[in-house]
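Q:
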Amino acid sequence: MGDVTCELCPRYCTIPEGGAGDCRVRVNIDGKLVATTYGRPSSVHIDPVEKKPLYHFHPGSAVFSIATAGCNLHCRNCQNWQLSQRGGEEMERIYRAEPADVVDAALAENCHSIAYTYSDPIIFYEYVYDTSVLAHDHGLKNIFVTAGYINEKPMRRLCQVIDATNIDLKAFDDGFYRRNCSGSLKPVLDAMVIAREEGVWLEVTNLVIPTLNDDIATVRRMAHWIRDNLGEQTPLHISRFTPHYQMRNLPPTPVESLHRVWNEARDAGLKYVYIGNIYGHKSESTYCPNDNTRLIHRVGFSVEEYNLTSDGRCPVCNQKVSGVW
Amino acid sequence: MKRRDIKFAALVAVNLLAIAGFLLSHIGGESAYTGWRKIDYPALMQKINSGDLVRHNAEYWRKQQ
Amino acid sequence: MKSRNRISTMRRRFLALLAVFSGSLLTSRSVATGKQRQLSLHEADFYKPHDLAG
């Protein structure tokens with residue numbers, strides 16, 4: 329009696345009155361499911377789009393980034409756990425920012441897009457959706473940075489209002505998701521395919537954690553799956569793990585491991601493979617897949633040199649480079 | 238049994254009872270990562286009443302129908 | 111003379127104690143009201159460096 333079931337993500341939490349979903353911010357109050365952090369972000373920053381990371385979506389542009397408390401995954405290595413693993417009632421800093429306020433602020437600060445990021449924006453879905461609609465009305469783009477643990481129907485609906493997404497594929501191993509994230513792999517793969525089908529610009533991130541998901545055979549399967557299901561033009565960001573939260577027992581990923589994963593992904597046929605979290609690495613830059621001309625030179629999150637033509641082609645061989653330029 | 242042993246046994250028993258009580262009080266209801274969570278409801282309502290949090294309808298799929 | 115000194119010492123101690131109490135009361139009040147204060151979006155330092163991923 330009075331229970332409600334949240335159908336937003338694959339957890340399908342059935343929540344009794346006074347309880348919250350697994351994400352902590354979708355709560356059953358008087359028999360109604362409510363989003364408690366709608367219009368109440370706890371983190372608001374302006375970041376370069378490269379930080380999301382998105383390397384093929386308006387490079388060098390500024391992104392108004394917001395997040396509320398809560399998350400529907402519980403990764404042991406979460407870097408943002410102070411935000412994601414808490415409920416709204418546990419937050420000290422909560423801003424009042426209705427969708428119109430966010431859009432106004434993004435415009436006032438000359439941002440190109442609004443990013444829903446840091447925690448998993450799936451859990452403040454309604455806030456994302458309403459803000460995105462308003463952002464489009466004012467000529468802003470929407471970026472959804474997520475782990476992709478969401479059901480098909482809400483994902484398809486959201487794709488109507490977002491322009492780009494970075495989906496964090498934590499490992500190509502269901503056991504990893506169950507052991508380290510309290511989630512599962514299949515819904516994440518489905519979300520990526522949906523984003524591709526719905527025409528949302530998609531980039532994939534894979535954080536390489538020593539001994540947990542750096543097995544080269546698994547990496548190969550992941551790269552082949554991306555190539556076959558999302559396309560060889562899909563940018564893949566191989567990111568370096570650093571110890572955080574409940575996973576401080578492991579060392580940072582050795583650079584050699586990242587190189588092995590990079591090589592494997594390139595051998596599988598992926599055209600744009602990047603190495604992240606290593607400042608100044610050569611593989612932060614974009615190269616022409618045809619003649620290897622350096623098209624976008626990046627150092628950290630900063631674009632130092634931009635050589636693409638206005639329609640996104642290599643200036644030397646005229647090769648088209650996938651992306652939103 | 239010496240008086241000292243009885244005291245020690247009583248101490249152990251009290252500890253075991255306390256542990257059992259703690260475990261029993263956590264049976265049922267929320268379990269981590271499998272559905273729903275208990276939250277600090279009074280704190281939540283306080284934040285809602287002060288406007289720091291809200292009660293925004295989250296049943297978007299019903300709104301659609 | 112001695113008793114006057116003692117009174118003066120007591121007065122000083124009393125005033126010091128009063129100052130400590132007032133200080134702590136003011137601090138706790140300001141913390142309490144600060145926590146209840148509503149934060150508008152523009153009070154966020156958008157450009158403050160942060161270590162959040164994503």
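Chains as they are written, first to last, in my numbering: chain A, 329 to 653; chain B, 238 to 302; chain C, 111 to 164.
Note that the Cβ used here is the ideal one computed from N, Cα and C, for glycine as well.
Taking the alpha helix (DSSP H) that G416(A) falls in, what are its first and last residues?
A: No alpha helix (DSSP H) holds G416(A); DSSP gives it neither H nor E.
Q: Fully enclosed by the region 529-554 of chain A, which beta strand (DSSP E) runs are 3 residues long or longer?
A: DSSP runs (the beta strand (DSSP E)) wholly in the region 529-554 of chain A: 529-536.
Q: Could you name the residues of the region 386-408 of chain A whose beta carbon sits closer than 7 Å to any beta carbon of chain C, in the order they occur along the chain?
A: Going along the region 386-408 of chain A in chain order, one finds Q407 and N408 with a Cβ nearer than 7 Å to chain C.
Q: So the candidates are P580(A), H572(A) and R352(A); which of them puts its Cα closest to the Cα of W409(A)?
A: That would be H572(A), whose Cα lies nearest to the Cα of W409(A).
Q: Closer than 8 Å, CB to CB, is L151(C) near chain A or not?
A: Chain A, which has a Cβ nearer than 8 Å to the Cβ of L151(C), makes this yes.
Q: Using a Cβ cut-off of 8 Å, which residues of the region 589-602 of chain A contact any Cβ in chain C, in chain order?
A: So the list is empty, because no residue satisfies the distance condition.
Q: Which residues in the same chain have their Cβ closer than 8 Å to the Cβ of H464(A), if we skip the five residues on either side of it in sequence?
A: Same-chain partners within the cutoff: N470 and V489.
Q: Which residues of the region 405-431 of chain A have a Cβ closer than 9 Å to any Cβ of chain B? Give them in chain order.
A: Listed by position, the residues of the region 405-431 of chain A near chain B (Cβ gap below 9 Å) are G415, G416, E417, E418, M419, I422 and R424.
Q: Can you give me the start and stop residues for the beta strand (DSSP E) that G347(A) sits inside?
A: Looking at the DSSP string, the run of the beta strand (DSSP E) that includes G347(A) is G347 to G349.
Q: How far does the alpha helix (DSSP H) with N245(B) in it extend, from its first residue to its last?
A: The residue asked about is misnamed: residue 245(B) is Phe in this sequence, not Asn. R240 to S262 is the extent of the alpha helix (DSSP H) around F245(B).
Q: Specify whether the region 635-649 of chain A and the region 467-482 of chain A touch according to this definition: at least 3 beta carbon pairs, one from each stretch, less than 8 Å apart.
A: They do not touch, by the three-pair rule.
Q: If I measure Cβ to Cβ from F452(A) and keep anything under 6 Å in the same chain, skipping five residues before and after, which residues do I get?
A: Closer than 6 Å at Cβ, skipping near neighbours: T365 and T396.
Q: Once the 5 residues before and after S268(B) are set aside, which same chain residues still bring their CB inside 8 Å of it?
A: With a pLDDT of only 48 at S268(B), under 50, the local geometry of the prediction cannot be trusted, and the value read off the model is given with reservation. Closer than 8 Å at Cβ, skipping near neighbours: no residue.
Q: Cβ closer than 9 Å: which chain A residues qualify as neighbours of N286(B)?
A: What N286(B) touches in chain A: nothing, since even the nearest Cβ is about 12 Å away.
Q: Please give me, in chain order, every unbroken run of the beta strand (DSSP E) with length at least 3 that falls completely inside the region 363-388 of chain A.
A: Correct list: 371-376.
Q: So the alpha helix (DSSP H) K275(B) belongs to, where does it begin and stop?
A: Not the alpha helix (DSSP H): K275(B) falls in the beta strand (DSSP E), residues W273 to K275.
Q: Could you tell me whether the region 429-445 of chain A touches the region 384-394 of chain A, where touching means 3 or more Cβ pairs closer than 8 Å?
A: Verdict: yes, contact present.
Q: Threshold first: 3 residues or longer. Then list the beta strand (DSSP E) segments lying entirely within the region 456-542 of chain A, N to C.
A: Within the region 456-542 of chain A, the complete beta strand (DSSP E) runs of at least 3 residues are 469-474, 492-496 and 529-536.
Q: List the residues that DSSP assigns as beta-bridge partners of K360(A).
A: Answer is I357(A).
Q: So E454(A) contacts chain B; which residues on that side make the cut at Cβ distance below 8 Å?
A: Within chain B, the residues near E454(A) are H293, N294, A295 and Y297.
Q: Could you tell me how far apart the beta carbons of R354(A) and A295(B) are, in whole angstroms, since I believe they sit closer than 8 Å?
A: 5 Å between Cβ atoms; contact.
Q: Between R354(A) and chain B, is any beta-carbon pair separated by less than 8 Å?
A: Yes, contact with chain B.
Q: Indicate whether the contact test is met: 3 or more Cβ pairs, each with one atom in the region 617-632 of chain A and one in the region 580-592 of chain A, closer than 8 Å.
A: Not touching, per the Cβ criterion.
Q: So, is K158(C) buried or exposed, given that buried needs 16 or more other C-beta atoms within 10 angstroms?
A: Per the 10 Å Cβ criterion, exposed.
Q: Excluding the 5 residues preceding and the 5 following C351(A) in the sequence, name in chain order all residues of the same chain whose CB lies nearer than 7 Å to its CB.
A: Contacts found: G398, C399, N400 and I451.
Q: Output needed for C645(A): all residues of its chain with C-beta closer than 6 Å, excluding positions within five of it in sequence on either side, in chain order.
A: Closer than 6 Å at the Cβ level, and outside the excluded window around C645(A), lie N618 and D619.
Q: Could you have a look at V430(A) and say whether DSSP puts it in helix, strand or coil?
A: V430(A) falls in the helix class under three-state DSSP.
Q: Would you decide whether N605(A) is buried or exposed? Buried here means 16 or more other CB atoms lie within 10 Å of its CB.
A: Counting Cβ neighbours within 10 Å, N605(A) comes out buried, since at least 16 surround it.
Q: For the ligand ZN, is there any heavy atom lying closer than 7 Å to the beta carbon of D448(A)?
A: Of the ligands one can find in the structure shown there are none, so the ligand ZN has no counterpart to examine.
Q: From the beta carbon of R622(A), is the nearest beta carbon of chain E less than 8 Å away?
A: The question asks about chain E, but that chain is absent: this structure's protein chains are A, B and C.
Q: Is the region 548-557 of chain A touching the region 412-429 of chain A in the sense that three or more CB pairs, one from each, lie closer than 8 Å?
A: The answer is no - the region 548-557 of chain A does not touch the region 412-429 of chain A, with fewer than three Cβ pairs under 8 Å.
Q: Where does G133(C) sit, in a helix, a strand or coil, going by DSSP?
A: G133(C) falls in the helix class under three-state DSSP.
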